[in-house]
Each structure stands twice: as C-alpha cells, then as structure tokens.
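A.B. asks: Pasting a structure below so you can have a look.
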Amino acid sequence: MSYKQVISAAERNKEPILQVLKNFLSPYIQATSKEDCIYHCLEISSGTGQHVAYFAPHFPSVVWQPSDVDMSSFCSISAYIQDAQVSNIKQPIYIDVSDEYTKWGGGGVIGKHSMDFILNINLLHISPFRCTEGLFHNTGQVLKHGGLLITYGPYAFHGKISPASNVRFNSMLQSQNPEWGLRDIDQLATLAASAGIHLLEVVPLPSNNHCLIWKKE
C-alpha cells in the first residue's frame with residue numbers, strides 16, 4: 001500500500017526548481033569539494049516529499065534532511081524516500097521553524113553551522129509571519145559560512161504585487177487567514193541582513209513564482 005500523496009503544483013514546479021538547484025548548488029559543490037566530501041541540505045516544510053525525492057538523486061554528494069511541522073505527512077515523505085531508492089535522504093524530522101533550531105527534531109539534531117544548504121518551498125505565504133522570522137533567524141545559525149538558503153514561492157516586490165493573478169491569490173490567502181499573504185522581498189532582505197544573510201539572486205520561474213537565492217556571510 002502506498003502512502004504517497006500527490007500535489008499537482010509540486011509535480012509542475014519540481015523540474016524548474018531542480019534546474020535552479022543545479023545552477024547554484026553544483027558550483028558551490030565544485031568550488032569546495034574535497035575527496036569524499038559530503039554536503040548537507042535541510043528542507044524546511046517538505047510537505048508530501050515529492051521534491052526531496054526528486055532532487056536527491058541528482059546530488060549524490062548531498063545528504064538531504066526533510067522535515068515538516070505536520071507529522072501526518074511523514075508517511076508520504078517516507079514512501080517517496082523508499083521509492084527513490086537512494087541512500088542520501090534521511091527520514092523526516094519534526095520542525096516548527098518558529099522554534100529555536102536547538103529544539104528541531106526534538107533537540108540536538110541540527111547543529112550550529114551544520115548545513116551547506118537550506119531549501120524552503122511554498123511556506124512563507126501560507127504561514128504566520130513568525131515563521132518567516134524564524135526561517136531567517138535560524139538559517140543564520142544553522143547555515144555554514146558561505147552556505148545557501150533557497151526559498152521558492154510568490155513574492156511582493158518593493159511594495160507591489162503583480163500580476164493580477166498574484167493580487168487575487170494574496171487576497172484569497174488573507175481571507176483564509178489574516179496572518180497569511182505574499183511577503184515583500186524588501187522585508188525579507190531586512191530580516192536576512194539581521195541574520196548575516198544577503199540576497200544573491202532572484203530567479204523568475206513559471207506561474208509567477210520566483211526562487212530567491214540567499215547566501216550566509
């Protein structure tokens with residue numbers, strides 16, 4: 001019996017996001033690689049597990065740690081891991097990104113400056129702002145110097161949301177929960193700066209989404 005859940009949006013965006021990862025993770029790996037060097041990527045809010053299972057086979061030198069705040073998704077994540085038939089994906093752990101990283105996974109699981117990469121897909125706009133604050137604060141603690149945070153989703157840019165479909169989407173989100181909504185890139189950059197992180201590049205992707213590439217100083 002398969003426990004794999006399927007989100008159609010994840011099926012559509014996993015290939016475009018993979019190309020972004022190849023463009024940024026691969027140069028980092030090539031620049032820092034040593035014999036038998038292993039890298040570590042923490043995925044915050046793994047959801048169904050579709051993404052991590054799709055990405056991991058393309059980066060055999062990266063150990064992937066999926067996580068989610070919703071433990072009911074763990075069966076789906078584990079099913080995708082099993083079907084991927086690779087050895088570089090760990091089993092999912094519980095992470096509430098608004099908690100201090102020292103509490104993640106029950107405590108003592110994620111160390112300071114232990115991650116080369118952190119990946120976060122479609123969380124910021126469908127969670128309270130404290131989760132956005134927690135992501136950047138904790139990334140500043142968990143990422144190695146020179147490491148990358150990659151966030152994906154729809155964003156506001158310099159006080160403006162566009163196109164009209166994103167304006168409607170933002171209104172719909174806020175009608176569901178007033179604490180939700182598209183985050184502005186300027187506000188994110190301010191949070192990032194306080195954590196020793198800067199915005200490296202903005203990559204446009206289909207469906208009016210973007211990957212934001214952040215680098216730890």
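Under UniProt numbering, read the sequence shown as residues 1 to 217, first letter to last. Think of the CB as a built atom: it goes at the ideal place given N, C-alpha and C, for glycine as much as any other residue.
1) Comparing alpha-carbon positions, which option in Ile7, Trp64, Val142 lies nearest residue 263?
2) Cα-Cα, which of Val203, Leu173, Lys215 is closest to Gln19?
3) Pick out whichever of Ala189, Pro206, Asp96 has its Cα sitting closest to the Cα of Leu199.
4) Which residue's Cα is closest to the Cα of Ile118: Thr139, Thr132, Cys131, Trp104?
5) Can you tell me where the alpha helix (DSSP H) holding Thr190 begins and where it ends?
6) Tell me where the alpha helix (DSSP H) around Cys211 begins and ends.
7) Is Thr32 near Ile7, with beta carbons less than 9 Å apart?
8) Could you give the residue range of the alpha helix (DSSP H) that holds Glu133?
C.D. replies: Concretely, from the data shown:
1) Coverage of the chain is limited to positions 1 through 217, which leaves residue 263 absent and any answer about it impossible.
2) With respect to the C-alpha of Gln19, the residue from Val203, Leu173, Lys215 having the closest C-alpha is Val203.
3) Nearest C-alpha to Leu199: Ala189.
4) Checked all of Thr139, Thr132, Cys131, Trp104; the closest Cα to Ile118 is Thr139.
5) From DSSP, the alpha helix (DSSP H) with Thr190 extends over 185-194.
6) Premise fails: Cys211 lies in the beta strand (DSSP E), 209-216, not in any alpha helix (DSSP H).
7) Thr32 places its beta carbon 9 Å or farther from that of Ile7.
8) Looking at the DSSP string, the run of the alpha helix (DSSP H) that includes Glu133 is 129-142.
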